[in-house]
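Below is one structure, written out as structure tokens; comments come after it.
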Amino acid sequence: MEVEYEKIAENARTIYGEGIQTFLSTANISEYHSLTHDERVQIAETNVDALPSDACILAGVGGNTVEARQLIREYDDVGVDAMMIMPPDHTYVHEQGLLRYYRKLSSATETPLVPYVRGFNPSVEFLQDISRMDGIIGIKYALEDPVKLGAVVDAEDDDTVWVDGLAEPFSVSYWNEGIEGFSAGVSNFRPEVGLELFDALSSGDWEYARQLRNICLPYQNFRGETGQNNALPGAISVPAVKKGLDLAGLNGGLVREPIVPLSVEEERRAEDLYQQLDDDIERLIG
Numbered sequence: 029m030e031v032e033y034e035k036i037a038e039n040a041r042t043i044y045g046e047g048i049q050t051f052l053s054t055a056n057i058s059e060y061h062s063l064t065h066d067e068r069v070q071i072a073e074t075n076v077d078a079l080p081s082d083a084c085i086l087a088g089v090g091g092n093t094v095e096a097r098q099l100i101r102e103y104d105d106v107g108v109d110a111m112m113i114m115p116p117d118h119t120y121v122h123e124q125g126l127l128r129y130y131r132k133l134s135s136a137t138e139t140p141l142v143p144y145v146r147g148f149n150p151s152v153e154f155l156q157d158i159s160r161m162d163g164i165i166g167i168k169y170a171l172e173d174p175v176k177l178g179a180v181v182d183a184e185d186d187d188t189v190w191v192d193g194l195a196e197p198f199s200v201s202y203w204n205e206g207i208e209g210f211s212a213g214v215s216n217f218r219p220e221v222g223l224e225l226f227d228a229l230s231s232g233d234w235e236y237a238r239q240l241r242n243i244c245l246p247y248q249n250f251r252g253e254t255g256q257n258n259a260l261p262g263a264i265s266v267p268a269v270k271k272g273l274d275l276a277g278l279n280g281g282l283v284r285e286p287i288v289p290l291s292v293e294e295e296r297r298a299e300d301l302y303q304q305l306d307d308d309i310e311r312l313i314g
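Numbering-wise, our numbering comes out as the position in the sequence shown, counting from 1, plus 28.
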């Protein structure tokens, strides 16, 4: 299955035209682990070339140190604005080992880095350490633990930007713990929701922010399901977003293994949930 680069560029230009200026390229929903090294670089370059200079493009990077540093250098060559360090893909992880890993990646570039904290349960002290590390400007926090988030944000004393990595459902509660942004869920294909939610949170309009958060929940809950013949949660998350892109008139496309496409039944449910979302957007935003 070939990557359709021009369709990626079309998506980027359309979403930028809706008002989104920060783009995360070659990461989770981009199926980072199913892409080759060269595909990652070319996808990042596609986004850089498609978008004006005021867009901020973060490219995902991970894996072993040698190959990650090489990917960083190639991302620098194509001109990305920042890089998100993917969660560790090791079965056993040591906090001090991760800190050394982050330092070695940071030493390979002047481009800012944003660690993605997910899939392991670090200490507050570890999170403080990475937030104060040279070269790191932000942290994508994707743990379902608001208490830990609040503790580390309260304790750290620098300019690190904390971002809710669990999308719209956690944005309201995590905003009160110190986040300054959130990753896209349904906002991947309905960017007006994310923009409106960000403005509501920024202005402290909590009632409206909760209403916007709530209209995202049915489709986001659908993304968290296991799918058919499977016990692992979130298995349909990526194809559900791709289906949302298609339904919004953008380019979704297929998935690569080990991700599986939606079943016919799931496709129908996605269509129903998208229509519900569309009705709610019309009601709330107009």
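The C-beta atom is built at its ideal place from N, Cα and C for all residues, glycine as well.
Computed from a prediction, not measured in an experiment: that's the story for all the values here.
For this session: Would you mind reading off the limits of the alpha helix (DSSP H) that contains PRO267?
Result: Working through the sequence shown from its first residue, we reach residue 267 at position 239. Element bounds for PRO267: 265-275.
For this session: Pick out whichever of ASP182, GLU310, TYR120, GLU34 has its Cα sitting closest to the Cα of SER159.
Result: Within the sequence shown, residue 159 is the residue found at index 131, counting from 1. SER159 has its Cα closest to that of ASP182, out of ASP182, GLU310, TYR120, GLU34.
Problem set entry | Rounded C-alpha distance that separates ILE364 from ALA110 | Since the first residue shown for the chain is 29 and the last is 314, residue 364 is missing from the structure and cannot be characterised.
Problem set entry | Distance, ARG311 Cα to ARG68 Cα | Taking the sequence shown and counting its residues from 1, the one referred to as residue 68 is at position 40. Taking the sequence shown and counting its residues from 1, the one referred to as residue 311 is at position 283. Approximately 39 Å, taken between the alpha carbons.
Exercise. Looking only at DSSP bridge pairs, what is LEU141 linked to?
Worked result: Along the sequence shown, one-based indexing puts residue 141 at 113. In DSSP, LEU141 forms a bridge with MET111, ILE164.
Exercise. Going by the CB atoms, is the gap between GLU205 and GLY222 shorter than 7 Å?
Worked result: Taking the first residue of the sequence shown as 1, we reach residue 222 at position 194. Taking the first residue of the sequence shown as 1, we reach residue 205 at position 177. No, these two residues do not count as a Cβ contact at 7 Å.
Problem set entry | Residue(s) in a DSSP beta bridge with GLY88 | Looking up residue 88 in the sequence shown gives position 60. Partner(s): MET112.
Problem set entry | Limits of the unbroken beta strand (DSSP E) element including THR50 | Against the sequence shown, residue 50 aligns to sequence position 22. 50-53 is the span of the beta strand (DSSP E), which, as asked, contains THR50.
For this session: Could you check if PRO261 is buried or exposed, using at least 16 other CB atoms within 10 Å of its CB as the buried criterion?
Result: As a first step, residue 261 must be located in the sequence shown, where it is residue number 233. So PRO261 ends up on the exposed side.
Problem set entry | Inter-stretch contact at 8 Å, needing at least 3 Cβ pairs: the stretch 71-86 / the stretch 117-132 | no
Exercise. Residues bridged to VAL191 by DSSP?
Worked result: Here residue 191 is taken as the residue at index 163 of the sequence shown, counted from 1. For VAL191, which the question treats as bridged, DSSP gives the partners LYS168, GLY209.
For this session: Drop a sphere of 10 angstroms on the beta-carbon of ARG218, count the other beta-carbons inside from all chains shown, and report buried for 16 or more, exposed for fewer.
Result: Within the sequence shown, the letter at position 190 stands for residue 218. ARG218 comes out buried.
Exercise. Using the C-alpha atoms, what's the distance from VAL292 back to LEU155?
Worked result: Counted from its first residue, the sequence shown places residue 155 at position 127. Counted from its first residue, the sequence shown places residue 292 at position 264. Cα to Cα, the separation comes out at about 42 Å.
Exercise. Considering PHE226, what are the terminal residues of the alpha helix (DSSP H) in which it resides?
Worked result: If you number the sequence shown from 1, residue 226 lands on position 198. 219-231 is the extent of the alpha helix (DSSP H) around PHE226.
Exercise. For HIS118, which option in ARG146, SER58, ARG131 has the closest C-alpha, if you only look at C-alpha atoms?
Worked result: For the purposes of this step, residue 118 is identified with residue 90 of the sequence shown, where counting begins at 1. It is ARG146.
For this session: Determine, using beta-carbon pairs with one atom in the stretch 83-94 and one in the stretch 45-62, whether at least three such pairs fall under 8 Å.
Result: yes
Exercise. Contact check, LEU305 vs VAL189 under 8 Å by CB: the rounded distance?
Worked result: Here residue 305 corresponds to residue number 277 of the sequence shown, with the count starting at 1. Here residue 189 corresponds to residue number 161 of the sequence shown, with the count starting at 1. The pair is not a contact, with the Cβ atoms about 28 Å apart (cut-off 8 Å).
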